Every structure is written in C-alpha cells, then in structure tokens.
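Residue numbers for the sequence shown follow my numbering, so the first one is 84 and each next one is one higher. Positions of the beta carbon are idealized from the N, C-alpha and C atoms, including for glycine. This structure is a prediction, so every number in the text was calculated from the model and none was measured. Just below is one structure, and these are the notes that go with it.
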Amino acid sequence: MEKPKIGFIGLGLMGGNMVENLQKRGYELTVMDLNKDEVAKVVARGNATEASSPKELAENSDIVMFCLTTSAVVEKIVYGEDGVLAGIKEGAVLIDFGTSIPASTIKIGAALAEKGAGMIDAPLGRTPAHAKDGLLNIMAAGNKDTFEKVKPVLDEQGENVFYLGKLGAGHTTKLINNFMGMTSVVAMSQAFAAAELAGVDGQQLYDIMSAGPSNSPFMKFTKNYAVDHVSDLGFSIANANKDLGYFVQMIDDLGSVSDIAKATSGNLQAALDAGMGSGNVPEIFDYFTKLKK
C-alpha cells in the first residue's frame, strides 16, 4: 500500500505528535478531535483536512487510526449513527493505538469484517516525543495479511513494531505490561511510605533494595519521587487506574480472578478519589503516607 490516505481520530499529546510525524512523511490526512485548536494546528501544517463526522473520515480513508482514551469512546465512534462502521470502505483497515479492552476489540473487528474491512490493535510504548520522531514501540495484532498491508506505515511510526498474533493480542499484552509495571510502582511506593512512617531513611532503603534483585527502572522512578521529590514517570494515576480496571475486566472475561490486580486497582482508585488523578503514579506515595486506619 503506497501512501494510503489516513484518517486519524484523537489528537492528544500522543496522537497529535503521531499525526505530525505522518505529515512530515508526506501522508494525506483527514482528522478529528474535540479540541478544535489541535485540529487547526494539523490543518495549518498542510495536506490535512477536518472531517465533520467519523463516517465522513472513514469514507475518505484507506487506513483509519484511533488514539483515544477509553474503550467506551472507541465503541461510540465506531458504532454511532455517523460512526466509522457506517463509512468504512471495503479493503480499508482500522488501527486502534489506544489501550482498550480485548473483548471489545475482537467484537469491533468482527463487525468490520462484515463490511469487508480489517482491524489491527496496536497499543503503544514510549512517549509523545518518540511519537513525533516515529520511534514508538508498537504492539500490533490481527490478521497477518492485514498487518503486512499496513506495516509500511507502522514502520514509519515505530522504531520497534512487534507482531503478536490474533486480534486482541496487542491490547492483551499492553494490559499485562501495565499490570506488571503499575503494580510494581504501587507496591514500591508503599514500601517507601512504610519507611517514612517508621522513621527509616528512604535513601538507605533504596541503596539496600537496589543492590539486590528488586532493582529496576520502576524502583528508580519510585525512589525519585519518594526520596528526591522528582516526579519523572510520565504516566498518570488516572491512566493507570483505567488500565488496571481493564486488566481486571480482561481477567474476568477469561474466566479467572486476579486479587493482586484488584488490590492495585483499589489503591489507584482511592488515590484518584482523593484528588490525585493527574499526578504521576509514584506520587501515590503521598497517599500511602497519609493513609490512616
């Protein structure tokens, strides 16, 4: 597929930088976002137009890309009266770069297949700065022929493009990854909070734990906030809370139980309820130091 026309919905920090990268590489885009200032920035750079509806965007696109916040938003944009499903062309492909519930992804893929269109779930790793330079990590899944069809475009968006198998495997992998990472940060944050409450020096605790197998980049992020008061893990409590909730739902959909994930999710939700949602995940340390019986 040479220089396909791309429709992109979701111009937040990550999506906006992904679109800028695509524009630099000569792609023609149709875009949508609730933030009209961001739409105007894209259109002003050239070779891009704004669609009035997801249906119109899909009608004008060979590849439709989402970089959206939740599965509920994705489903609304797909299934709405003027949604993507109503306008998708036969042979077109929908790529969902967000973090979504795998069962929802699989359901959408089946609906698209009935229209002769394909779907790839392709959640992202790394930062908006990497997005602007086309250096993301992309966890892609779906029909292999569909993946190969869009891989040239994915290669211009990601330094590392992983193919993970059947549709939904990308979102599954991303949720597992975030479960592991955010559970580690929450547990480590409570460890440093326990030291604080007990009068144990946090730097010494870090020196001891980092000298053994507990050492990791996540421990460094946690220590940076708990000890040095530097918040440098760019992932919010609100986003982590959403992803852990999705992981719990995924495990439930698989007919299993994860008490560990439920505990992490409960702590993140409590911090969110305490007004800490916009803070980075290691800032949950503050919640733990103030927590009383």
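About 6 Å separates the Cβ atoms of Glu133 and Val114, confirming a contact at the 8 Å cut-off. Per the Cβ contact rule, the segment 266 to 278 is in contact with the segment 303 to 310 (3 or more Cβ pairs under 8 Å). For Thr113, no alpha helix (DSSP H) segment is defined; the enclosing uninterrupted segment is the beta strand (DSSP E) at Leu112 to Met115.
Taking one beta carbon from each stretch, the segment 113 to 130 and the segment 227 to 246 have fewer than 3 pairs nearer than 8 Å; the two do not touch. For Tyr246, the beta-bridge partners assigned by DSSP are Ala223. Leaving aside the five residues that flank Ala278 on each side, the residues in its chain whose CB is nearer than 6 Å to its CB run, in chain order, Gly285 and Leu288. Contact holds between the segment 136 to 144 and the segment 166 to 176, because three or more Cβ pairs, one in each stretch, are under 8 Å apart. Per DSSP, the beta bridge partners of Leu177 are Val147 and Met202. Looking at the backbone, the Cα of Tyr370 and that of Met97 are separated by about 28 Å. Partner residues in the beta bridge of Gly90, as assigned by DSSP, are Thr113 and Val147.
DSSP assignment within the segment 260 to 306 yields no whole beta strand (DSSP E) run of 3 residues or more. Beta-bridge partners assigned by DSSP to Asn363: Ser319. With contacts defined as CB atoms closer than 9 Å, Ala205 and Gly251 fail to qualify as a contacting pair. Excluding the 5 residues flanking it on each side, Thr188 has same chain C-beta neighbours closer than 7 Å at Asp179, Asp204, Leu250, Gly251 and His254, in chain order. For Glu121, the enclosing alpha helix (DSSP H) has its first and last residue at Lys119 to Arg128. The alpha-carbon separation between Ser348 and Asn104 amounts to approximately 34 Å. Per DSSP, Glu139 is one residue of the alpha helix (DSSP H) stretching across Pro137 to Glu142.
Shown here for Leu355: same chain residues with a beta carbon closer than 7 Å to its own, the five before and five after excluded, namely Ile320, Ala321 and Asn324 in chain order. Apart from sequence neighbours up to five positions away, the residues of its chain that approach Asn350 with a beta-carbon distance below 7 Å are Val269 and Ile367, ordered along the chain. For Ala223, the closest of Leu94, Thr182 and Lys198 by C-alpha to C-alpha distance is Thr182. Between Ala141 and Gly93, the gap from beta carbon to beta carbon reaches 9 Å or more. For Ala194, the closest C-alpha among the options Asn220, Gly163 and Lys215 is that of Gly163. Take the alpha-carbon of Gly99 and the one of Asp116: they are about 10 Å apart.
In the DSSP annotation of this structure, the continuous segment of the beta strand (DSSP E) that includes Thr132 starts and ends at Ala131 to Glu133.
Its chain contains Asn220 as the residues whose beta carbon lies nearer than 6 Å to that of Gly208, once the 5 sequence neighbours on both sides are disregarded; these appear in chain order. Counting along the chain, the unbroken alpha helix (DSSP H) around Gln106 starts and ends at Leu96 to Lys107.
Under the three-state reduction of DSSP output, Leu374 falls in the coil class, being neither helix nor strand.
Inclusion of Leu177 and Ala155 in the CB contact set at 9 Å is not warranted, their separation being larger than that value. Residue state for Leu337 is assigned as coil, using DSSP reduced to three classes. Gly166 carries a coil assignment under DSSP once its states are collapsed to helix, strand and coil.
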